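Working notes for the structure below.
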Amino acid sequence: MKQLILGLTAAAALNVAPVLAAGSCSEHSPSHRVALLELYTSEGCSSCPPADQYMGSLRAAGVTPEQAVLLALHVDYWNDIGWKDPFSQAAYSARQRWLTKLAGSRTVYTPELFVAGQELRGGVERWTGGVPAAVRRINAQAAQADIRISLGQASAAGLPVEVNASAARDGTLFVALVESGLASKVTAGENSGRLLRHDHVVRTWLAPVPLSSGDKAGINMATVTRTLPLPPGAAPGRLGVSAFVQSERGEVLQALSLPACGG
């Protein structure tokens, strides 16, 4: 996990008071396990647009937030091949390498989809049937962690965020600011001349926080409290915060997402 920490964004260093002000909104994770879907993609990859479209279609296809948290992470290793993806970060590439290593593979590629930390091969053609089946299988399991997300009202100062997590076993809390409804006109590289659209894009990836022993015997806890700067030109109604707890071996114990208040 050390490689993840090395690639963090500067936004992770911001601290604010807990989000308890009037006008805030909150969500608590259910008793069943919510599936975590992670798409690793790039605007520099000609085979990625269909995968991006598939990710953007899942809500309309009936995959609800209570069933699955959706994250599109744009990697940076395509950036030197003609087009620099404006949504890419080295931290996402590092996480993909970590997941790939856990899977016992040496191959890192795009588009690649992980469901609850497990790779789902075959591309969009196989994902169409494989993803719903995997989500149902995960939802049938009991949650192994508890997560609560609270958000304040977005303003020029940013989006106030507080996330609390607990589990009866070891784990690490991950928190991300996510934006949908993005569009990008690509002028170079494999997708030159195309207008690409993206949903569920991770814009800020906070430092992973290990759950530590709390006041209750056998219960480990973690809290993340930040005010996250809004991406340039972002509409609050297209923003949200996602959080998940994952073990060192890659098992996703629980996941949760919450749109920005009023979104």
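For reference, each letter of the sequence shown is one residue, going -21 to -1, 1 to 242 in mature numbering (1 follows the signal peptide of the UniProt record, and there is no 0). Quick reminder that beta carbons are idealized off the backbone N, C-alpha and C, glycines included. These numbers were taken from a predicted model, which means no experiment stands behind them.
It is roughly 19 Å from the alpha-carbon of GLY96 to the alpha-carbon of THR43. Counting along the chain, the unbroken alpha helix (DSSP H) around GLU104 starts and ends at 102 to 118.
For THR20, there is no enclosing alpha helix (DSSP H); the residue is found in the beta strand (DSSP E) stretching over 14 to 20.
Note on the region 117 to 170: whole beta strand (DSSP E) runs with a minimum of 3 residues are 124 to 130, 138 to 146, 151 to 158, 161 to 164, in chain order. In this structure LEU81 touches GLY229 by the C-beta definition: roughly 4 Å separates them, less than 8 Å. When DSSP states are grouped into helix, strand and coil, LEU175 belongs to the strand group. Just measuring C-alpha positions, the residue of GLY137, LEU161, LEU175, ASP178 sitting nearest ARG205 is GLY137. Distance from VAL54 to LEU152 at the Cβ level is roughly 23 Å; contact not present, criterion being Cβ atoms closer than 8 Å. For PHE223, DSSP records a beta bridge to PHE153, ALA234. Taking ARG176 as the centre and dropping the five residues before and after it, the same chain places the C-beta of ALA162 closer than 6 Å to its C-beta, in chain order.
The distance from the Cβ of ALA234 to that of VAL48 is about 4 Å, consistent with a contact at the 8 Å cut-off. When C-beta atoms of the region 77 to 94 are compared with those of the region 184 to 194, fewer than three pairs fall below 8 Å, so the two segments do not count as touching. Taking C-beta atoms as the reference points, ALA146 and ASP178 fail to come closer than 8 Å.
In the DSSP annotation of this structure, the continuous segment of the alpha helix (DSSP H) that includes ALA69 starts and ends at 69 to 81.
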